[in-house]
Structure formats: structure tokens, C-alpha cells
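Notes for the one structure printed next.
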Amino acid sequence: MQITLPQKPIALMLSGGFDSAVLLYLLCKSGAKQISCFTIDHMNSAYYAGLVVDHIQEMFPDVNIGHEILEKVSDNMMQIINYGYGSVSRQGYFLFDAATRNPTLEDLPDLPHSRPPRAENYPRKLMDCPFLEITKAEVIAIAHHYGILDGIAAITHSCTETTAERCGECWQCLERKVSFAKNNFVDVGFF
Ligand SMILES: [Zn+2]
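Those letters in the sequence shown? Residues 81 to 271, per our numbering, in order.
Structural data, given as C-alpha cells:
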């Protein structure tokens with residue numbers, strides 16, 4: 081999967097979860113020379129995002145990957161996300177975000193208490209969400225295709241309710257679970 085790179089400096093919202101880690105990999109693979117990653121520190125996400133940066137940096141030693149932590153300002157997930165976008169976009173970056181399409185109702189009947197942001201809400205010349213029309217199951221398949229599935233699964237934390245391991249009940253936990261199951265892959269992540 082080739083990502084079209086903008087002329088502007090690239091920023092990526094890196095959550096410490098699975099999808100944004102795969103997007104960081106794809107940006108590097110697509111030829112980005114410098115990527116500024118931003119993480120809003122929520123439920124220890126800065127720690128996991130740090131592991132992701134180290135992991136991908138090892139694969140692409142020639143890419144200059146920066147990592148900045150944004151202080152959490154709210155307990156409301158949408159407020160946190162909007163704060164992150166605002167903070168980063170004001171700095172003049174072209175922003176990438178790994179928001180995916182939701183699973184189908186059949187795969188995950190409990191849709192959704194928190195829906196990912198829609199790129200349609202943002203000017204396309206300033207921001208891109210390359211995974212917006214595909215599901216997490218398809219992102220997992222992409223990771224498998226490039227041989228990075230277990231490496232990324234092992235260090236990423238998708239749960240929004242715990243700082244470590246998984247609650248097993250939140251929307252993100254369930255989405256990750258059904259998405260691995262749909263591919264018949266085992267999720268080696270234990271966080
Ligand atoms: Zn959870």
C-alpha cells in the first residue's frame with residue numbers, strides 16, 4: 081500500500097495502538113524522510129507510542145522520526161482528539177491519522193460508543209486518513225502482508241480503559257478482537 085506523500089512537513093497522530101503503528105510503517109516505506117509523531121498521553125499511550133517509534137525506527141534507520149507528547153486535557157475522547165488535531169495543525173504540518181472504517185454491525189453489534197473522526201470533517205489538503213475506507217481487519221491483513229503483524233501487535237495497546245493489558249470489554253478491545261478473529265490470526269499482544 082503506497083501512501084501519497086505531501087510536499088509539506090508530515091505529522092502523524094500516533095496513539096500507541098495498532099493502526100497508527102502500521103501507518104507509520106507505511107509512511108516510512110512510501111519514502112518519507114522525516115515524520116513528526118504526536119501522541120496525546122491517555123492511558124499510558126505515550127509509553128506504547130514510544131515503543132512503536134523505536135520499533136519502526138529500527139526498521140528504517142534513515143528516516144528521521146520525531147516524537148512529541150501532548151498533554152491530556154480532558155477525559156472526553158472526542159475533546160482529546162480535537163485538542164490533538166488543533167495543536168498539531170496549527171504548527172503547519174500535513175497531518176496523517178489512522179482512523180479506520182468501523183466494523184460491520186454483524187462483526188461488532190455493539191457499535192459504537194466512540195466513532196473515529198471522519199476525514200471529511202477536515203480539509204483534505206491539510207490532512208489524510210488513508211485507512212478511512214477500510215476496517216481494522218484489513219489493516220491487520222496489510223500488516224501481515226508486510227510481515228510486521230506480530231512485531232506491531234506485541235507492542236501496541238488499543239484499550240482505552242486500562243493503562244496496561246486489556247479490559248476486554250471496551251469498544252477498542254472488542255474491535256481488535258473481532259478484527260484478528262476475522263483474519264484467523266492470533267493477537268500476540270499482551271498489553
Ligand atoms: Zn479495553
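From the three backbone atoms N, C-alpha and C, an ideal C-beta is built for every residue, glycine too. Predicted model, so just to flag it, every value in this text is computed and none were measured.
Test item: CB-CB of residue 212 and residue 181 under 8 Å: yes
Short Cβ contact (8 Å threshold) for residue 188 with residue 254: yes
Near ligand 1: residue 247 beta-carbon under 7 Å from a heavy atom: yes
Residue-chain proximity (residue 119, chain D), Cβ-Cβ < 8 Å: Reference to chain D is not applicable here, since this structure consists of a single protein chain.
For residue 161, three-class secondary structure by DSSP: helix
7 Å CB neighbourhood of residue 113 in its chain, flanking five on each side removed: 143 and 144
Own chain, CB closer than 6 Å to residue 140, minus 5 neighbours either side, in chain order: 108
Secondary structure of residue 256, DSSP reduced to three states: helix
Backbone secondary structure at residue 149 - three-state DSSP: strand
Residue closest to residue 166, alpha-carbon to alpha-carbon, out of 216, 110, 210 and 119: 119
Presumed contact (8 Å Cβ cut-off) between residue 206 and residue 174, rounded CB distance: 6 Å
Own chain residues within Cβ distance below 7 Å of residue 221, not counting five before or after: 263
DSSP beta-bridge partners of residue 215: 181
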